[in-house]
Amino acid sequence: MVSASPKHESILKSLNNAQARAVSSDAATVAILAGPGSGKTHTLTSRVVWLVDCMGFRPEDVIVATFTVRAAREMKERIGKALKGGRENKIVLGTFHSIARRYLSAYGRHIGLSQKFGIADDADSRAIIARICKRLQLAIDPPAARAWISKKKAKGTEAALAASTRKQPAKPTAGLQELETCYKEYQDHLDRSNLLDYDDLLVRCVELLRKFPSCVANIQTVLIDEYQDTNGVQYELMRLLAQKQGRITIVGDPDQSIYGWRSAEIRNLWRLLRDFPGTDEISLEENYRSSQSILDLSLLVIQQDKKRYQKLLKPVHNKGSRPVLRKLKSASAEAEWIVSEIRRTLLMSGAMLNNGDVAILLRSAALSRHVEGALGKAGVGYKMVGGFKFYDRTEIKTILDYLRVIHQPENNDALARIMNVPKRGIGDGTIKVLIEEAEKSSLSLWSLLIKHCRGDRAAKTRITKQAEQKISGELLRLLNGVRKRVTEASDNTPFGLVETIEHLLTALNFQKVLQDTHPDDHEQRWANVQEFISLAADFVRDLQQSGNDALPEIEGLQQTVDDDVLPRFLANVALAADAQKGEGGQESKPLVTISTIHAAKGLEWPIVFVPAVYNGSIPHMRSEDGDEERRLLYVAMTRAQCLLYLSYPVYSSMGNGERNELSPFVAPLGSCFAKKGPCFDRPVVGQIAQILQRELAPDEAVFKNLPPMFSMEDNVFPIDPDEAQKNAASRPSGGGEGDQQTGEYPRSKRPRLSVPTLVSQNNGEEQEWRKEYATTMEQASNFTVSSLPGFVSAGTHQVAITAANAAAEASQRKERAAKLSASRRPPDQKTLMDFHRTWQSRTQKLPKPAISPELAARKLSAGRPTIHPTAAKPRIEEDKSERKQYACFSSSPTRPPAPEAAVGGEDQDGPPSPVQPALNLPKGLGGAGGLRRPAGLSREGIAPMDKLKKPFKPLTMKRL
DNA sequence: GCGCTATATGTTTTT
DNA sequence: CATATAGCGC
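FYI, the numbering for the first sequence is 5 to 964, going by our numbering.
Okay, here's the thing in structure tokens:
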């Protein structure tokens with residue numbers, strides 16, 4: 005398998021055994037199942053390099069598909085580093101959507117697609133559907149209709165076909181009828197406007213590749229990142245792209261499947277195994293990212309899902325600090341606590357950690373408000389990724405709409421939006437009537453206007469003389485003029501993209517328009533426009549630099565050469581969603597990252613905060629799939645390398661003063677978390693330094709820089725807000741900002757029905773304090789998974805570090821970790837395949853496994869399941885998808901089952917019995933070696949790493 | 001057609 | 001509680 009050639013060597017040397025096997029596998033189809041932090045991207049990029057450099061495939065015959073633009077960018081960059089000579093630019097690399105767009109713009113006319121199709125973005129389809137529903141007076145919820153249509157498209161022709169032959173729907177629900185009508189109208193509208201929506205890009209590309217397989221005749225191999233997120237169409241597309249050679253490599257992790265709502269089907273994994281027998285399966289299990297405590301706890305969360313593949317996460321790093329679960333009073337207190345904790349952590353680390361090492365991950369973008377406010381107030385720089393999009397700002401959308409109409413006059417929606425911007429005396433009503441008139445006479449709005457203004461055909465709609473003049477004199481003339489300058493290369497040089505935009509801005513006197521319409525913040529908006537221009541300039545530059553993304557010539561099939569910048573720019577805007585603000589070169593100061601959890605997938609940070617971990621946020625009240633919400637939390641937690649903080653506000657920030665309930669995903673695990681941030685003494689900081697392989701700052705450096713009045717502990721905010729509130733009444737000035745917070749509380753609004761409090765406590769707080777303190781001290785060694793009932797730990801170890809020997813210890817550890825991964829042979833990987841065969845031989849058809857769970861479990865066991873699906877899985881999957889299809893009709897979302905352990909566990913206010921007795925150690929005794937193992941702790945809990953020779957036992961899951 | 005005020009409404013995730 | 005929409009007066 006491993007050849008001695010230097011080329012091979014250089015690729016393989018940075019890989020562990022399993023990774024190397026994956027990279028160099030000779031199998032046509034390779035499935036890599038990779039847990040978080042297992043070097044997934046590195047493996048995939050290495051395989052690309054391997055295929056090109058060692059297997060000799062031409063870069064232009066390789067397709068790499070990712071799900072996000074960011075992943076595509078990163079992949080390209082990393083491949084570029086390994087492949088010499090800029091060959092990465094020749095690889096067909098991008099998101100599924102952008103790859104589909106490339107094929108469609110090159111060959112689309114063979115399936116009757118206009119040369120100049122545009123892309124309907126989210127806002128477009130929403131608006132179109134909303135209009136249709138209103139016009140036809142459909143009694144359906146437009147967003148639901150949109151989701152339904154999208155699902156229908158995303159399911160893929162194959163699945164749709166199967167579904168229709170299997171069962172006659174026979175349920176002509178009134179709603180269904182309307183949905184169908186809406187679907188048809190919507191599609192008609194798109195066709196008329198020459199638009200494809202996101203799903204259409206995939207659907208039409210599938211159609212193209214079915215009818216004209218020669219488009220991809222050159223393709224040797226196809227690689228898919230984040231495979232667990234593929235939906236039905238994407239699966240078909242993948243197969244079709246690879247149809248010539250059938251060589252496919254996929255990388256994925258079912259536990260990180262968080263796009264079910266976008267019709268991602270985990271079932272595609274089985275489909276792949278069914279359709280490509282002989283697939284080589286490889287699991288990547290070593291986790292190079294996170295501390296052991298973080299991994300252990302993340303596993304506890306994900307294992308609440310009883311019907312997932314069981315997969316291992318083998319920690320490579322040290323135990324680290326125990327993750328924190330913090331209770332705050334309100335969302336704003338939560339935000340301020342986060343800021344104070346960031347400050348404390350960074351200061352206590354010396355200069356080892358900075359803002360760039362911190363991420364705040366949110367379930368929904370809307371939650372960022374408080375956090376942004378608090379960060380801003382404290383003067384901490386931050387960047388928000390995901391959520392609001394630059395291109396969605398009204399001033400930018402206006403310019404984009406102008407550009408779109410220049411490119412595609414028949415785009416009625418875009419034209420309608422700019423007709424009266426700047427004000428030309430055409431009201432919404434008039435525009436609506438005009439559109440309807442245009443649709444009735446099957447004209448585009450554009451041609452209707454042209455005809456009207458030329459006098460060829462007077463519009464029935466009454467337009468004021470003044471408006472008419474403005475339309476014809478300003479709007480039409482301007483647009484026509486620019487279009488001519490852009491397309492006609494005859495005279496002079498045609499307009500470039502930037503020139504076009506600048507010309508538009510001048511002609512519209514856009515700055516003035518902004519001043520008039522937005523007197524308050526026109527400066528900011530104008531700055532955005534400037535930014536937009538520079539983004540356009542960047543785009544043009546990148547395009548020239550990386551050559552255009554033309555596909556290689558295929559004999560006998562005519563390509564449309566598409567070297568217009570404008571359509572490419574517009575497509576890029578629609579498909580890229582967020583403008584990359586980084587602008588490459590000089591990095592300014594490091595910034596805290598605020599991100600949605602979805603957008604954070606694939607990334608990592610030393611310090612991660614996950615606020616708002618309450619029922620209704622995670623799981624989100626509107627979610628239909630509780631398991632997916634749990635996976636979401638898992639993804640968030642596994643982004644953290646060293647420090648992980650979960651938190652939630654006890655009271656809802658929405659006026660009504662309702663109490664929030666801790667998320668059911670963490671409620672049963674409450675006792676596994678620390679109740680406040682760690683004390684950053686040498687051992688704690690030393691472990692962070694080890695994981696990050698950074699230089700540990702000397703003590704003096706740390707203390708020298710501590711500001712006066714700085715609290716070294718996480719004690720500025722009360723551990724228990726209810727308690728604090730009660731105490732605040734009797735003891736007004738407790739000291740610190742925390743107590744000031746107390747006053748701000750919505751309590752005044754509605755006299756809080758007495759919050760349950762413990763009665764006796766004068767010294768209660770003090771006791772709490774001591775316990776917390778002890779926890780901090782022992783956290784480095786005592787907390788183990790195995791102490792929970794029903795769990796066998798995957799293996800843990802402990803370390804003792806002092807400031808003096810930290811460095812030596814670090815190198816030893818590295819060695820040990822290296823030995824560990826080297827000594828372990830890749831476990832037998834065939835389990836999933838075995839299962840599949842057994843299952844297939846008994847059932848023939850994909851859905852409906854006829855095998856009993858017990859039998860399957862016995863077949864599988866053999867003690868070494870790297871991955872094994874629970875036997876019931878396929879059926880459940882199937883059921884679910886059936887249910888989901890009609891989900892928009894059911895008013896009651898399915899609730900996630902409450903984890904069993906929650907019952908009988910802690911109550912709201914009764915502190916749980918701690919997992920292990922709190923040891924009360926004197927401060928400063930940093931050495932963890934002296935700690936005794938508390939009674940009842942299993943041996944595995946503290947086995948030193950180097951004692952573990954054999955592979956870790958798989959985690960057994962009896963009961964939580 | 002435009003701009004103001006009162007009301008309701010409603011609160012994921014992304015290509 | 002904060003934004004989008006609807007309705008009203010100019």
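Built from N, CA and C at the ideal position, the CB exists for glycine as well.
Leaving aside the five residues before and after E717 along the sequence, list all residues of the same chain whose C-beta is less than 7 Å from its C-beta, in chain order.
Excluding residues within five positions, the ones whose Cβ falls inside 7 Å are C683.
In chain order, what residues of the same chain have a beta carbon less than 8 Å from the beta carbon of S261, not counting five sequence neighbours either side?
Excluding five sequence positions before and after S261, the CB atoms of its chain that fall closer than 8 Å to its own CB belong to Q232, D233, A268, I270, E632 and R635, given in chain order.
With 16 other CB atoms within 10 Å as the buried threshold, where does M713 fall?
It counts as exposed.
Under the rule that 16 or more other beta-carbon atoms within 10 Å means buried, what is D520, buried or exposed?
By the neighbour-count rule (16 or more Cβ atoms within 10 Å), D520 is not buried but exposed.
Reduced DSSP secondary structure (H/G/I, E/B, other) of H522:
In the structure shown, H522 sits in coil (DSSP, three-state: anything other than H, G, I, E or B).
Residue ranges of each beta strand (DSSP E) run of no fewer than 3 residues wholly in the stretch 31-103, ordered along the chain?
Within the stretch 31-103, the complete beta strand (DSSP E) segments of 3 residues or longer fall at 33-38, 66-70 and 96-99, listed in chain order.
When you compare the stretch 684-703 with the stretch 299-314, are there three or more beta-carbon pairs, one atom per stretch, that lie closer than 8 Å?
Fewer than three Cβ pairs drawn from the stretch 684-703 and the stretch 299-314 lie within less than 8 Å of each other, which leaves the two stretches out of contact.
Hey, Y187 and K156: beta-carbon distance below 8 Å or not?
Against a cut-off of 8 Å, the Cβ pair of K156 and Y187 comes out as a contact.
R214 beta carbon less than 8 Å from that of L244:
The answer is yes: Cβ separation under 8 Å.
Would you report the Cα separation of H374 and I622, rounded to the nearest angstrom?
Approximately 17 Å between the Cα atoms of the pair.
Spatial neighbours of M352 in its chain, beta-carbon cut-off 6 Å, leaving aside the 5 residues before and after:
Non-local C-beta neighbours of M352 in its own chain, meaning closer than 6 Å and more than five positions away in sequence, comprise F684, ordered along the chain.
In angstroms, rounded to a whole number, what distance separates the CA positions of W341 and E628?
Near 31 Å, if we compare the C-alpha coordinates of E628 and W341.
Quick one: grab the DSSP three-state call for N719.
Correct three-state label for N719: coil.
Does DSSP put K333 in a helix, in a strand, or in coil?
Residue state for K333 is assigned as coil, using DSSP reduced to three classes.
So W1038 is in the beta strand (DSSP E); what residue range does that whole segment cover?
A query on residue 1038 cannot be resolved here, the shown segment of the chain reaching from 5 to 964 and no further.
Could you please give the first and the last residue of the uninterrupted beta strand (DSSP E) stretch that includes I15?
Per DSSP, I15 belongs to no beta strand (DSSP E); it is in the alpha helix (DSSP H), P10 to L16.
Taking the C-alpha atoms as reference points, what is the distance between Y292 and F121?
Cα-Cα distance, rounded: 45 Å.
May I ask which residues mark the beginning and end of the alpha helix (DSSP H) holding M388?
Note, M388: premise wrong, no alpha helix (DSSP H); beta strand (DSSP E) at Y386 to V389.
Taking all protein chains shown into account, decide if F669 is buried (16 or more other Cβ within 10 angstroms of its Cβ) or exposed.
Buried is the call here.
Measuring alpha carbon to alpha carbon, tell me which residue in S344, T185, D257 and A69 is nearest Y649.
Scanning S344, T185, D257 and A69 for the CA closest to the CA of Y649 turns up S344.
Quick check on DSSP: helix, strand or coil for A22?
DSSP, read as helix, strand or coil, puts A22 in helix.
Leaving out five residues on either side along the sequence, give the residues of the same chain with a beta carbon under 6 Å from the beta carbon of Q224.
The residues are F61, D65 and Q249.
Closer than 6 Å by C-beta to N272: which residues in its own chain qualify, once you throw out the five before and the five after it? Chain order, please.
Cβ neighbours of N272 beyond the five flanking positions: T234 and Y239.
Quick check: what's the CA-CA separation for Q783 versus R326?
Summary for Q783: the model assigns pLDDT 30, below 50, so the residue's position carries little reliability; its value from the coordinates is reported in the next sentence. Taking the straight line from one Cα to the other gives about 6 Å.
Identify the continuous alpha helix (DSSP H) that holds A375 and give its terminal residues.
A small correction: the amino acid at residue 375 is Val; Ala does not occupy that position in the sequence shown. Judged by DSSP secondary structure, V375 falls within the alpha helix (DSSP H) whose first and last residues are S372 to A382.
Would you kindly work out how many angstroms separate the C-alpha atoms of S451 and E414, rounded to a whole number?
Distance between the alpha carbons of S451 and E414 is about 8 Å.
Taking the Cβ atom as the reference point for each residue, do R487 and I410 lie within a distance shorter than 8 Å?
Taking a C-beta distance under 8 Å as the contact criterion, R487 and I410 qualify as a contact pair.
Residue range of the alpha helix (DSSP H) that includes T504
Taken as a continuous stretch (DSSP letters only), the alpha helix (DSSP H) holding T504 covers L501 to L512.
For G933, three-class secondary structure by DSSP
Note that G933 scores a pLDDT of 28, beneath 50, so its modelled location is shaky; the value from the coordinates is reported in the next line. When secondary structure is reduced to three states using DSSP, G933 falls in the helix class.
L650 bridges to which residues according to DSSP?
Note: L650 sits in a beta bridge opposite L329 and V614.
So the candidates are D703, A701, A693 and P711; which of them puts its Cα closest to the Cα of H321?
Proximity to H321 across D703, A701, A693 and P711 peaks at A693, based on C-alpha coordinates.
DSSP state of S627, grouped into three classes?
In the structure shown, S627 sits in coil (DSSP, three-state: anything other than H, G, I, E or B).
Contacts around H522, its chain only, beta-carbon distance under 7 Å, and the 5 residues preceding and following it disregarded
Result list for H522: R529, in chain order.
Under the assumption that I136 contacts M641 (Cβ atoms under 8 Å), give the Cβ distance between them as a whole number of angstroms.
Their Cβ separation, rounded to whole angstroms, is 42 Å, which puts I136 and M641 out of contact at 8 Å.
Determine the direct distance from the alpha carbon of I95 to that of Q68, and round the result to whole angstroms.
Correcting the residue type first, residue 68 is Val in the shown sequence and not Gln. So the alpha carbons of these two residues sit roughly 7 Å apart.
Residue ranges of each alpha helix (DSSP H) within the stretch 270-358, 4 or longer:
List check, alpha helix (DSSP H) in window: 272-279, 296-306 and 335-352.
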